[in-house]
Structure formats: structure tokens, C-alpha cells
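Structure record follows, encoded as C-alpha cells.
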Amino acid sequence: MRILTGRVISKKMAKTATVAVEKVITHPVYKKRVKRVKKYQVHDEFDTNIGDLVNFADSKPFSKTKKWKIIKVEKGHRLVATGAKAPLALSGPMARRGKK
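For the sequence shown, position 52 matches number 51 in numbering that gives the first Met the number 0, and the numbering has no gaps at all.
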């Protein structure tokens, strides 16, 4: 039984959450540490919110893409947004991208 830890990034479906698992690998050619993110569809009986840190394990298939089940929720890691539609503030090179 594999147990993974990730952050809830989407809750648009009933009893389903999209969880992003982040890992750091070393690039085989350039020897630089690179961040990789993989998204999983998980069965959610705990009514989690976006930003919660969760532990989830593989289980029987619930649907075509849902083969994982949340087993533990770390409630203290919730993201707080200010306002109903708080835009993300970008700074640095990402803020200038697209402007010529």
C-alpha cells in the first residue's frame, strides 16, 4: 500500500479532490535539482478544502481516474485568500512575461 502526501488544489466535484504531489529530482544530464508536480484524483470523505495537506493511499478503483483515497487531513495547513476573487500578485520575471 503506497501512501503519498500532497496539497488539495481543486474541489469542483462531489466527494473528489485533486491533490498535487511535489517532488524534487536531480536532472540526469545537468545535475540541477528540478521540482516536479503530479496531480491525482482522490476520493474525499473528509470534506477537505483547497490548501489542506492530506495523506492518501491507493485503493480499489472508484472510477476511471480515481484510484486513491484520503486517509488523513492536516487541517492546520489551509491557504487563506483575501476577498472573494483575490488575484495572484506576480513579481519578478513572471510579472513582465507577455509585455513587450
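Glycine included, every Cβ here is placed at the ideal spot set by N, Cα and C. For clarity, every value in this text was computed on a predicted model and none was experimentally measured.
- Per DSSP, residue 44 has no beta-bridge partner at all.
- Under the three-state reduction of DSSP output, residue 22 falls in the strand class.
- Taking C-alpha positions only, residue 69 is separated from residue 55 by approximately 4 Å.
- Judged by DSSP in its simplified three-state form, residue 31 adopts coil rather than helix or strand.
- Taking 7 Å as the cut-off, the Cβ atoms of residue 18 and residue 41 count as close.
- In summary, residue 47 is buried, with 16 or more beta-carbon neighbours lying within 10 Å of its beta-carbon over all protein chains present.
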